[in-house]
Structures are given as structure tokens and as C-alpha cells.
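Going by this note's numbering, the first residue of the sequence shown is number 1437, and it counts up by one from there. Cβ coordinates follow ideal geometry from the N, Cα and C atoms, glycine included. On a predicted model such as this, the values are computed, not experimentally measured, just so you know. Working notes, beginning with the structure itself.
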Amino acid sequence: MAADVEDMIVRLPQFTENMYLILHRHMHELEERYHESASDSVSRRLACTLIRLTEQIGIPNGEGAEIHISRYELAQMSGMTLFTVSRLISKWAKLGLIVPRREALVMLDSKRLDDLTSSGDPSVDDAAAAF
């Protein structure tokens, strides 16, 4: 198998370029996620995960973009507890940013969610703790 890949690298320069671009994109995404997990608040981490999922797998519907994912999966992807994810989703639903569904949610306003969580205001997380 390694010999086949080496052969394609030699014969197909476009293959090499495409492979490099794919690897570069994946490394950049990993670096962003590491930075998020190391330095961002829990609300910011979950917001970034939801915004990224909306862009990648969101299915447009009449309300917004539906993401088929469980809260447990969101917790695993964001590096937080199920309780924290549920608390933030409830808060954002009350603010009209998302609509929670069973094993899914609908993103109504990703721009507002991004603005709210990127403000650096600690009360965003404090308010979530009250729920």
C-alpha cells in the first residue's frame, strides 16, 4: 500500500498537492480545536462546536439549520459534561438562538450565538451556571 501511494506521488503531482492541502486543513482544524479547549470558556467551546457543525452538516429547514447530534455527542466533541451542555442548550433556547430537539437541534442564529460567546463576558458562563 505504501508503495502504491509513493507511486501516485511520483506520477501525479496534483495528487500530492491535494493530499498536502487536505492534511494542512485537518492540521489547522486540530490546532483551532486545541486552542479552544485550552483557552476558551465552556460556552465559547460549545458555541464553536455548534457553529462548525452547522456549517459542515447543518440541514437547512424553514427555521434555520438542523443538526442531527445528541447532547452526549456534543459533550464528547466539546470536552465537557453532559450536564453543562444541557444547561447551555437550555439557556440558548430561552434566548431564541437554538431549538432543542430529540437527538438534534436547530440553529436559529449562529451569528448572535457567536457574538454572545466571543464577548469575553464572564457573566455569559455565570448565567449558564444558574440554569
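In whole angstroms, give me the CA-to-CA distance for residue i and residue j.
| i | j | result |
| --- | --- | --- |
| residue 1503 | residue 1483 | 13 Å |
| residue 1490 | residue 1546 | 8 Å |
| residue 1520 | residue 1511 | 8 Å |
| residue 1544 | residue 1464 | 27 Å |
| residue 1437 | residue 1535 | 47 Å |
| residue 1555 | residue 1494 | 25 Å |
| residue 1492 | residue 1485 | 10 Å |
| residue 1551 | residue 1450 | 39 Å |
| residue 1542 | residue 1458 | 29 Å |
| residue 1460 | residue 1468 | 12 Å |
| residue 1498 | residue 1529 | 17 Å |
| residue 1506 | residue 1488 | 15 Å |
| residue 1478 | residue 1553 | 9 Å |
| residue 1533 | residue 1509 | 20 Å |
| residue 1538 | residue 1496 | 17 Å |
| residue 1480 | residue 1500 | 20 Å |
| residue 1531 | residue 1447 | 56 Å |
| residue 1439 | residue 1549 | 48 Å |
| residue 1462 | residue 1540 | 25 Å |
Which residue or residues does DSSP assign as beta-bridge partners of residue i?
| i | result |
| --- | --- |
| residue 1501 | 1496 and 1543 |
**Request:** May I have a chain-ordered list of the alpha helix (DSSP H) segments no shorter than 4 residues that lie completely inside the region 1503-1554?
**Result:** 1507-1514, 1518-1530 and 1546-1554
**Request:** Would you list, in sequence order, the uninterrupted beta strand (DSSP E) runs of no fewer than 3 residues that lie entirely inside the region 1442-1496?
**Result:** none
**Item:** Segment contact flag, the region 1522-1534 with the region 1443-1455, C-beta cutoff 8 Å, min 3 pairs
**Value:** no
**contact_flag[the region 1504-1519, the region 1438-1448] where n(CB pairs < 8 Å) is 3 or more** = no
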